[in-house]
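Sequential numbering from 531 applies to the sequence shown in the working numbering.
The beta carbon of each residue, even a glycine, is placed where N, CA and C say it ideally should be.
A quick write-up on the structure given underneath.
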Amino acid sequence: MCRDFINKMYIKMLLRYLIIFAVLPMLSGCLSHPNLAGPRGNAHLTAVSLKEQREARLTVKVYQQIPDAAFDVRDIQVQRCHQYLGDDAPSDETLTDDLILAAYTHGLDGVSEIHFEKKGGLLQNCWYVKRAIAKSFRIKAE
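Quick look at the structure:
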């Protein structure tokens with residue numbers, strides 16, 4: 531009887547330590563690792579100079595519909611992570627700027643039919659991931 535009691539206590543103690551040693555590394559991983567989804571919130575893209583961002587905004591236009599003169603039409607998408615509750619959530623304007631920049635780096639002239647979606651991102655170390663999907667294209671010179 532005493533032996534059964536000791537065995538049960540030993541098993542409970544092992545389970546506690548197992549839970550502690552299994553959960554703590556996961557929690558510390560959430561705090562110390564970057565997200566896996568892309569830039570955070572509305573943060574400035576440091577990999578691209580302000581001059582290049584300005585040129586992209588002046589070169590690539592946003593259209594409601596794909597113009598008749600458009601060719602080389604393709605899908606383009608960007609995403610941002612809302613990692614910390616204290617950070618600003620990714621805005622539609624920031625994602626639109628990211629689409630413009632992505633189109634510019636591919637030598638495209640415009641983006642159209644922009645759609646935004648928000649998905650859970652806990653597996654990517656984010657509260658959620660906000661994504662923008664659009665059609666991008668070049669325009670024939672007149």
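Could you give the residue range of the alpha helix (DSSP H) that holds R584?
In this chain, the alpha helix (DSSP H) harbouring R584 covers 580-589.
Unbroken alpha helix (DSSP H) run spanning E623, endpoints:
622-635
Going by DSSP, what residues sit across from V592 in a beta bridge?
V641
Opening and closing residue of the beta strand (DSSP E) in which Q607 lies
600-612
Buried or exposed: L652, going by 16 or more other Cβ atoms within 10 Å of its Cβ?
exposed
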